[in-house]
Amino acid sequence: MKLYNIRLNLEWDEASQTYSVTSPDVPEMFTFGRNLAEIQRNVQEAVELLLEVLDERGETRPVALQPFESTELMLPVPA
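Written out as structure tokens, the structure is:
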């Protein structure tokens with residue numbers, strides 16, 4: 640499983656008693672949920688489906704969902 644770090648915007652809708660969820664990092668994604676656990680599951684599913692569609696179409700993934708190499712580097716910093 641790959642991990643992505645994306646920002647989420649949650650907006651409460653009193654009528655439906657759910658949060659609508661969007662992301663400035665993944666503008667194509669929209670989902671909802673009644674609580675954080677449901678939101679997490681729904682965001683994961685929405686991102687997986689979006690990646691599948693983008694890859695099938697040969698379209699570029701949003702920067703937040705592109706694979707990248709990460710290297711941990713420790714540098715001394717004078718106190």
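Residues in the sequence shown are numbered from 640 upward in steps of one, following the working numbering. Positions of the beta carbon are idealized from the N, C-alpha and C atoms, including for glycine. Keep in mind that this is a model prediction, so the values were computed, not measured.
Assuming ILE678 and SER662 are in contact, meaning their beta carbons sit under 8 Å apart, how far apart are those beta carbons, in whole angstroms?
Looking up residue 678 in the sequence shown gives position 39. Looking up residue 662 in the sequence shown gives position 23. Not quite, the Cβ-Cβ distance comes to about 11 Å (not below 8 Å), so this is no contact.
Reducing DSSP to helix, strand and coil, say where LEU649 ends up.
If you number the sequence shown from 1, residue 649 lands on position 10. LEU649 falls in the strand class under three-state DSSP.
From VAL729 to ALA718, what does the alpha carbon distance come to, in whole angstroms?
Shown here, the chain extends from 640 to 718; a query on residue 729 therefore has no answer.
In this structure, how does DSSP classify VAL702 when only helix, strand and coil are distinguished?
As a first step, residue 702 is located in the sequence shown; it is residue number 63 there, counting from the start. Note: VAL702 maps to helix in three-state DSSP.
Where does the unbroken beta strand (DSSP E) through VAL660 begin, and where does it stop?
Position 21 of the sequence shown, counting from 1, holds the residue named residue 660. Note, VAL660: beta strand (DSSP E), 657-661.
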